[in-house]
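Residue numbers (my numbering), protein chains in the order written: chain A, 5 to 561; chain B, 5 to 342; chain C, 611 to 826. Here the structure is laid out as C-alpha cells; the discussion comes afterwards.
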Amino acid sequence: MEEFTLPAPTKVNYLNAEYGLKSWLLTKDHKRIALLYLGSVTFFFFIGGVYAMLIRLELLTPQGDLLSSTTYNKVFTQHGIIMIFFFLIPAIPASLGNFLVPMMIGAKDLAFPRINLLSWYIYLAGGLITIYALIAGGVDTGWTFYAPYSTTFSNSYVILTGVGVFISGFSSILTGLNFIVTVHTMRAPGMTWFRMPLFIWAHYATALIMILGTPVVAITILLLAFERLTHVGIFDPAVGGDPVLFQHLFWFYSHPAVYIMVLPGMGIISELIANFSRKNIFGYSFVAFSSLAIAVFGFLVWGHHMFVSGQSVYAGMIFSFLSFAVAIPSAIKVFNWTATLYKGSISYDTPMLYALGFIGLFTIGGMTGLFLASIGLDVHVHDTYFIVAHFHYIMVGGTLLAYLGGLHYWWPKISGRMYPEGWGRFSALVVFIGFNLTFLPQFIAGYMGMPRRYHAYPPEFQVLNVLSSAGASILGVGLLIPMVYLIWSMRYGKSAEANPWHLPGLEWRTPSPPPTQNFLVTPVVTWEAYEFAPPEEMEVVGRLRRESGLDEAPIRG
Amino acid sequence: MQTWMPFLPERASSLSGKVDALYFYLSGVTIFFTLLISGTLIFFVIKYRRRSPYEIPRPIAGSHKLETLWSVIPLLIAMSMFVWGAQVYFEQARPPESPSEIFVVGKQWMWKLQHTTGQREINELHVPVGRKIKLIMTSEDTIHSFFIPAFRIKTDVLPGRYTTQWFEATKPGTYHLFCAEYCGMNHSGMIGSIVVMVPSEFDDWLSGNSSQQSPAIAGQQIYQSLGCVSCHGANGEGGRGPTLAGLFGGQVFLTSGETVKADEAYIRESIVNPQAKLVSGFGPIMPTFQGQVTEEQLLQILAFIKSLQVANPQPATPATGPMAPAPSAAATARPNLR
Amino acid sequence: MEQQREAGTLGMWVFLVTEIMFFGGMFFAYTLYRSKYPQAFASASNHLSLPLGAINTGVLILSSFTMALAVYSAQIGKRRNLIICLVLTIILGLSFLGIKAVEYKDKYVDNLIPGRLIPGRPFNAEGVHLLPGASTQNVEMFYWIYFAMTGMHALHMVIGVGLLSVILYFAVRGRYGPEYHNPVEISGLYWHFVDIIWIFLFPLLYLLGRHLAHGG
C-alpha cells in the first residue's frame, strides 16, 4: 500500500491559511463552507430542540395546561419545519458531504465552488426568513401544510414560512447539482466508480433525489402561497379545488425527502463499519446499487401517506406494494454491514458505537415502516404516535446517530484535534438510552390510539407520555455533552496526526487539518476502496510477523 | 376504558381481531429480526474485537449466495405482509350489502351525526351490537379524520366530497372517537364516544329520542321549500328536469356522451354544480344551490332522493331550446333508469 | 480546460432537469383540472388570442434557430456572425416578451386577471363565451393556471435574455472562439429549454377545444 510520507501537522492548513471575517464569508474552499454549514445547522438544531422540549413538557400531563392550544400547534409545526428543512436535509450532505466528497475522490474542491458558497447564503436567507416568521407570530399548520386549513383557515404566517422553506430548497438543489457534476468529472486518475468509498455513492444517490424532488415542493409551496392570496381554488374545494391534489404534490417531494435525510447517514455508516473493523464492506457493489435503488424507488411510493385520504383502493394497493419493495435495499445494507463485522478487527471507538446503534435502531425504524406499508394496519395507526415513533427512529436513531458518528470520526481531520474518547463513549451511551426511552413508549401509545398533534389527551395515555418525556430529557443531556466537548477540543484537544485511525481512505493521506488545496500532489489511485493492504503484501507481512513473533494474533484468515 | 390486554385498545368490532392478528405477525417478525441483527452485532463485536493494534483481517469481498438469500427471504416476508395487509384492507374498504347508514358531518371542532331514523347526535354515536353500519361523511371546513381505535378504522373526512367507512360493533361499551387529521386550534378537543349497546337497550334509546325527524322527511321539506318540485316533480317523477325516482344507484347518460353512476357524490354535485354533468336531453337551466344549503341539508336531501321509488315511470319531457336534440325515436334521450 | 467544459455542460443539463421537475408540478395541476372541467377550460382557451400565441410560437422557434447559429458561429470562430445571431436572438426574445405583454394587457382590460389581484378590476368572465357545462369559477381557474405557467415561463425568458446579454458583451470583447465557447453552448441549452417549455404550453393553453368553437 502506498503511503505518502507526511510531515508533522503542517503549519499552513485551510483553517489558518487566511484570517478575517471576509476570508470566511467569501471563501470558495469547500472545507470552510462545510464549517459554515456546520455552525448553522447546529444553530437550527438547537432551536428545533427547544421546541421538542416544549412539546415533551406539555405532554407530561393529559390536560393542555402548559401552553395554549394555538401555541402548542405552532410549537409542533415549527419543530417539524426547523428539524426537517433546516437540519435533517442539509446536515450531513452540506457539512460532512461538502468537506469530504472532494477529498475522498482526490479532488481539490467541488466542481462549482462559488455555487457552493451561494448555496450556503441561500440556506441562510431561507433560514433567517423562517426564523423571522417564527418570531413574528409563528405558523400552526403542521409541517405538512395541508390544504384547506393552510390556504383558508389558518391565521398564521403561512406564506412567510413557505417563502423561507422555498428559498432554502434552492440551496438543496445547488448542493445536489454540485455533487453530481463533481463525482462525474473530478475523480482523481485511477479513481473509478467502483473504487469510490460508499460515502460517495450515498451522496450521489442523495444528490439525484435533491435535484429531482426539490423543485416539486418549490412549486407546491408557490401554489399554496398564491391560493392563500387569491383563493382561486387550486386546493380549496369551496371554490372548486381539490385538497388531495395538494397532498399528492406535497408528498411527491416529501417522501423522497426522507431518503435525502437517511441516505447520507447510511453512507457514513458504511465508512464507520468498514474502517473500524479494518475490513472492506461485504458486498460493496450491492450496497452501492442499493443506494441508487432507494433513490429511484423512493419516488414511487408517496401515496402511502394518503391511504386514508380517499384514494382509490387500487392506487392504495400499488403504493403498498411499492412501499414494501423500497424496504428491501435497506435490508440488504443492514445485512451487508453486519456481515462486514464477521472476522473483522473491531475497535470500540465512539464512531463505531454510534454506527452499531444506528444499525439496531434503523432496523427497528425500518421494520415499523413495514407496518405502515401494510394498508390494513396503516388505517389504524395513521396519524397516531406510532407514526411519530417510526419516523423518529429513522431520523434520530438513524440520521442523527450517523451524523454524530461521522462528526467524531472525521473530527481530527476537520479540526486537527482529537475529541476526548471517554466522554465520547459516555455520551453515545446516554443518547442511545435516552432515545429509546423517549420513542419506544410512543409505538405503544400509537397503537393504543393516541392521535398525533394532540396537546391534551385522555388520561390512560399519561404513563407512556411521562416515560417518553423522561427519556427526552436524558436524550437532551446526551446531545448537549458532545456540543460542549467538541468545542472544548478545538482549543484544548490533543493534536491529531494525519491518519490517527490508520486507515487507507484518501482523506487520511493528507495532513490534519488539510491544506486548502487538499492534496499537495494529485493522488493516482491504484487500490480498491477499503483496501487495508494488497493481498500479496498481507501474505508477506503476515509471514514476517509470525516468524519474528511480533504478534500473538497475526492476520486472521 | 379498561383494556383486557396491555398495549392494545379494546377489540370492539368485527375487524379489530383481524387487524390485531396482522399487528402481532408484523411485531413478531420485527422483534425477531431486531434480536437477530442486534444479537449478531453484539456477538461479532465481542468475538472479533481488536486484540492487537496492528492486525489486519483478511478481506472478504462478498458472497452472491448470501446476497440472494437475504434479498429473497425479506422479499418473500414483505410480500406475505403485503398480501395479508391487502386482505384486511379489502374488508375494511368494502362496505357490506345493505348496511344501515349514518351521516357524519365534521366541522371545526365537533362531530355532528344523524341516524336515518332522525336522531341527531353531537360527538357521540349510539349503535347496536351486530349491525353493519356505513358512515357517509363530509366536512364543512378543513380535512378531519374519523377515528375509532377500538374498531381499528379511520377515514379522512373531506370538504366538498363524501367519504365512507363501515363497521360492525361486536362488544357493548363506550369507546373513544378521535379526530385524527390536524384541523386547527381545538383538534385535540374534537373527540367523543361511540356507545355500543345491546340491541334491546339500543331500541330503548332510539324510542326515547324519536321526536326528531328522519333525514328523509327533512330532506323532502327542503326539496319543497327550495322549489325542486317545479322541475323534478313532487315525487321525483321529472318534468323540465330529469326523473329522480329510482335514480340513485343507476346509470346516467350525459350530454357529453359519458355514462356515470348516480351515487352520493353525483347527487351532491348535481345540486351544488349542476352544469358539471348535464343529463342528456336536458338544457343547462338548473341553478346552483351552493351556499344555500348546508352539508347536513345536502345529506338530508340525499336521504330523500334515495327514498324515492319508481312508482309510475313517466317519460321525462326533453327541454325545448338550443340544446334539445331533434325529436326522433332514436334521439329522444332519457336518462337510463336502473 | 476539458474537465471544466465537461463539468459546465453537465451542470447545465442537471439544472435543466430540475427545471423540468419544477414546471412539471404545474403541468400536473393543469392536467388534473382540465380533465375535471373540460368545458370551462375549452371556453377560456378559446378566448385567448390564437394569432398572438401562434406568432409568439413562431418567434421563439426562430430564436432557437438563431441561437443555434450563434453557437455554431462561436465554434467555427466567426465573431461577427456570433454577434449578429446573438443580437437577433435577444431581439426575438424581447419581441416574445412584448407580445406577451400585449396579451396580458388585453386580459387586464377584459377583467380576466384572477381573484382580486387588481384592485377595482375583480375577475369577471362576462366576455368569455361559455360552452355548455362551463362554470365561471372554473374559467377563473384556467386563467390562474394560464398566468402562473406563462408568467413563470416569461420570468425564465427574462433571465434568458439577461444571460444572452452577458454572453453578447463577452462576445463583443472577443472572448469566444473555437478553443473556448462553452458559455455560448450552455446558454444555448438554456434557451432551447425555455423554447421547448413554450412548445408544450402553446397547444395546452391555446389550442384546447378550438374544434368545439367552430362547429361543435
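Virtual Cβ for every residue (Gly too), placed ideally from N, Cα, C.
- Item | Euclidean distance between Cα positions of A/Glu535 and A/Trp512 | Working through the first sequence from its first residue, we reach residue 535 of chain A at position 531. Working through the first sequence from its first residue, we reach residue 512 of chain A at position 508. Cα-Cα distance, rounded: 13 Å.
- Query: Can you name, in chain order, every residue of its own chain whose Cβ lies under 8 Å from the Cβ of A/Glu275, other than the five neighbours on each side?
  - Reply: The count along the first sequence starts at 1 and reaches residue 275 of chain A at position 271. Within the same chain, A/Glu275 has close Cβ partners Pro201, Leu202, Phe203, Gly410, Tyr413 and Gly509.
- Item | Under 8 Å from the C-beta of A/Phe157: neighbouring residues of chain C | Against the first sequence, residue 157 of chain A aligns to sequence position 153. Chain C residues near A/Phe157: none, gap ~18 Å exceeds 8 Å.
- Message: 9 Å is my cut-off, CB to CB: does B/Val92 come that close to chain A?
- Response: As a working note, residue 92 of chain B is residue 88 in the second sequence. Yes, contact with chain A.
- Task: Give the interface partners of A/Pro66 over in chain B, defined as CB-CB distance under 8 Å, in chain order.
- Result: Counting from one through the first sequence, the residue named residue 66 of chain A turns up at place 62. Result: empty, since nearest Cβ-Cβ is about 10 Å, beyond 8 Å.
- Find the nearest neighbour of A/Ala261 within the set A/Met214, A/Pro333, A/Val16 and A/Met494, judged by alpha-carbon distance. Along the first sequence, one-based indexing puts residue 261 of chain A at 257. Minimum Cα distance to A/Ala261 is reached at A/Met214.
- Under 8 Å from the C-beta of C/Gly819: neighbouring residues of chain B: Position 209 of the third sequence holds residue 819 of chain C. Within chain B, no residue comes near C/Gly819; the closest Cβ sits about 12 Å away, beyond 8 Å.
- Message: For a cutoff of 9 Å on Cβ pairs, would you count A/Asp113 as touching chain C?
- Response: Position 109 of the first sequence, counted from the first residue, corresponds to residue 113 of chain A. So no, A/Asp113 is outside the interface.
- So, is the C-beta of A/Lys498 closer than 9 Å to a C-beta in chain B? Sequence index remark: in the first sequence, residue 498 of chain A carries index 494 (1-based). It does not; no Cβ of chain B falls within 9 Å.
- Message: My output table needs one value for C/Phe638: the three-state DSSP class, helix, strand or coil.
- Response: Numbered from its first residue, the third sequence carries residue 638 of chain C at position 28. Helix, per DSSP.
- Touch test, the region 296–307 of chain B against the region 139–147 of chain B, Cβ-Cβ under 8 Å, three pairs minimum: yes
- Message: At the level of alpha carbons, what is the spacing between A/Pro455 and B/Gly196?
- Response: To locate residue 455 of chain A, count along the first sequence from 1; it is residue 451. To locate residue 196 of chain B, count along the second sequence from 1; it is residue 192. Their backbone Cα atoms lie some 13 Å apart in a straight line.
- Residues in its own chain within less than 6 Å of C/Gly621 by CB, not counting five upstream and five downstream? On the third sequence, position 11 is the one that residue 621 of chain C refers to. Once the five neighbours on either side are set aside, C/Gly621 has no close Cβ partner at all.
- Query: Residues of chain B with CB under 7 Å from A/Val312, in chain order?
  - Reply: Translated into the one-based positions of the first sequence, residue 312 of chain A becomes position 308. Ordered by position in chain B, the residues that pass the 7 Å Cβ test against A/Val312 are Ser149, Lys158, Thr159 and Asp160.
- Within 9 Å, strictly: CB atoms of A/His396 and A/Leu376: Working through the first sequence from its first residue, we reach residue 396 of chain A at position 392. Working through the first sequence from its first residue, we reach residue 376 of chain A at position 372. No, these two residues do not count as a Cβ contact at 9 Å.
- Kindly list the residues whose CB is nearer than 6 Å to the CB of A/Met310, restricted to its own chain and excluding five residues on each side of it in sequence; keep chain order. Position 306 of the first sequence holds residue 310 of chain A. If we look at A/Met310 and ignore the five residues flanking it on each side, its Cβ neighbours are Gln251.
- Query: Between B/Leu162 and B/Glu95, what straight-line distance do the alpha-carbon atoms span, to the nearest angstrom?
  - Reply: Sequence index remark: in the second sequence, residue 162 of chain B carries index 158 (1-based). Sequence index remark: in the second sequence, residue 95 of chain B carries index 91 (1-based). So the alpha carbons of these two residues sit roughly 22 Å apart.
- Task: Compare the C-alpha of A/Val243 against each of C/Pro788, C/Ser745 and C/Ile809 and name the closest.
- Result: Residue mapping note: residue 243 of chain A aligns to position 239 of the first sequence, counting from 1. Ranking C/Pro788, C/Ser745 and C/Ile809 by Cα distance to A/Val243 puts C/Ser745 first.
- If you drop the 5 nearest sequence neighbours on each side, which residues of the same chain put their C-beta closer than 6 Å to that of B/Thr321? On the second sequence, residue 321 of chain B is found 317 positions in, with the first residue counted as 1. Any reading at B/Thr321 must be qualified, since the residue scores a pLDDT of 41, below 50, and its modelled position is unreliable; the value itself is stated next. None.
- What do you reckon, are the CB atoms on A/Phe366 and A/Val481 nearer than 9 Å? By 1-based counting over the first sequence, the position of residue 366 of chain A is 362. By 1-based counting over the first sequence, the position of residue 481 of chain A is 477. Their beta carbons are not under 9 Å apart, which means A/Phe366 does not touch A/Val481 by this criterion.
- Under 8 Å (Cβ pairs) to chain B, residues found in the region 270–291 of chain A: Ser281, Arg282, Lys283, Asn284, Phe286, Gly287, Tyr288, Ser289 and Phe290
- Query: What separation, rounded to the nearest whole angstrom, lies between the Cα atoms of A/Phe89 and A/Val169?
  - Reply: Counting from one through the first sequence, the residue named residue 89 of chain A turns up at place 85. Counting from one through the first sequence, the residue named residue 169 of chain A turns up at place 165. Between A/Phe89 and A/Val169, the C-alpha separation is close to 7 Å.
- Query: Can the beta-carbon of A/Lys417 be found less than 9 Å from the beta-carbon of A/Pro518?
  - Reply: Translated into positions along the first sequence, residue 417 of chain A becomes position 413. Translated into positions along the first sequence, residue 518 of chain A becomes position 514. In contact: A/Lys417 and A/Pro518 (Cβ atoms closer than 9 Å).
- Helix, strand or coil for B/Asp24 per DSSP? Start at 1 with the first residue of the second sequence, and residue 24 of chain B comes out as number 20. Helix.
- B/Met201 bridges to which residues according to DSSP? Sequence index remark: in the second sequence, residue 201 of chain B carries index 197 (1-based). DSSP, once it has assigned bridges, lists B/Pro132 as partnering B/Met201.
- Task: Compare the C-beta of C/Ala744 with all C-beta atoms of chain B and state if any pair is closer than 9 Å.
- Result: The residue labelled residue 744 of chain C in the question sits at position 134 within the third sequence. For C/Ala744, the answer is yes, since a Cβ of chain B falls inside 9 Å of its Cβ.
- At 4 residues or longer, and completely inside the region 302–356 of chain A: list those alpha helix (DSSP H) runs for me, N to C. 317–345
- Message: Quick test of your reading: A/Val1 and A/Tyr451, contact by CB under 8 Å. State the CB separation rounded to the nearest angstrom.
- Response: Residue 1 of chain A cannot be examined here, being either before or after the span of chain A that is shown, 5 to 561.
- Item | Helix, strand or coil at A/Trp28 [DSSP, three-state] | Residue numbering aside, residue 28 of chain A sits at position 24 when the first sequence is read from its first letter. DSSP places A/Trp28 in helix when its eight states are reduced to three.
- Task: Compute the Euclidean distance between the alpha carbons of A/Thr74 and A/Lys347, then round it to the nearest angstrom.
- Result: In the first sequence, counting from the first residue as 1, residue 74 of chain A sits at position 70. In the first sequence, counting from the first residue as 1, residue 347 of chain A sits at position 343. Computed Cα separation, rounded: 56 Å.
- Name the DSSP beta bridge partners of B/Val283, please? Taking the second sequence and counting its residues from 1, one reaches residue 283 of chain B at position 279. According to DSSP, which records beta bridges pairwise, B/Val283 is partnered with B/Leu258.
- Query: What are the boundary residues of the alpha helix (DSSP H) that includes B/His236?
  - Reply: Position 232 of the second sequence, counted from the first residue, corresponds to residue 236 of chain B. Start and end: Val233 to His236.
- Contacts that A/Ala222 makes with chain C (C-beta to C-beta distance below 7 Å): Against the first sequence, residue 222 of chain A aligns to sequence position 218. What A/Ala222 touches in chain C: Phe632.
- CB-CB length for A/Tyr407 against A/Gly269, believed under 8 Å: For the purposes of this step, residue 407 of chain A is taken as the residue at position 403 of the first sequence. For the purposes of this step, residue 269 of chain A is taken as the residue at position 265 of the first sequence. Confirmed, about 7 Å.
- Query: Are there three or more Cβ pairs, one per stretch, closer than 8 Å when the region 621–635 of chain C is compared with the region 173–183 of chain A?
  - Reply: yes
- Query: If you count every other CB in all the chains shown that lies within 10 Å of the CB of A/Leu25, and 16 or more means buried, which is it?
  - Reply: Counting from one through the first sequence, the residue named residue 25 of chain A turns up at place 21. It is exposed - the Cβ of A/Leu25 has fewer than 16 other Cβ atoms within 10 Å.
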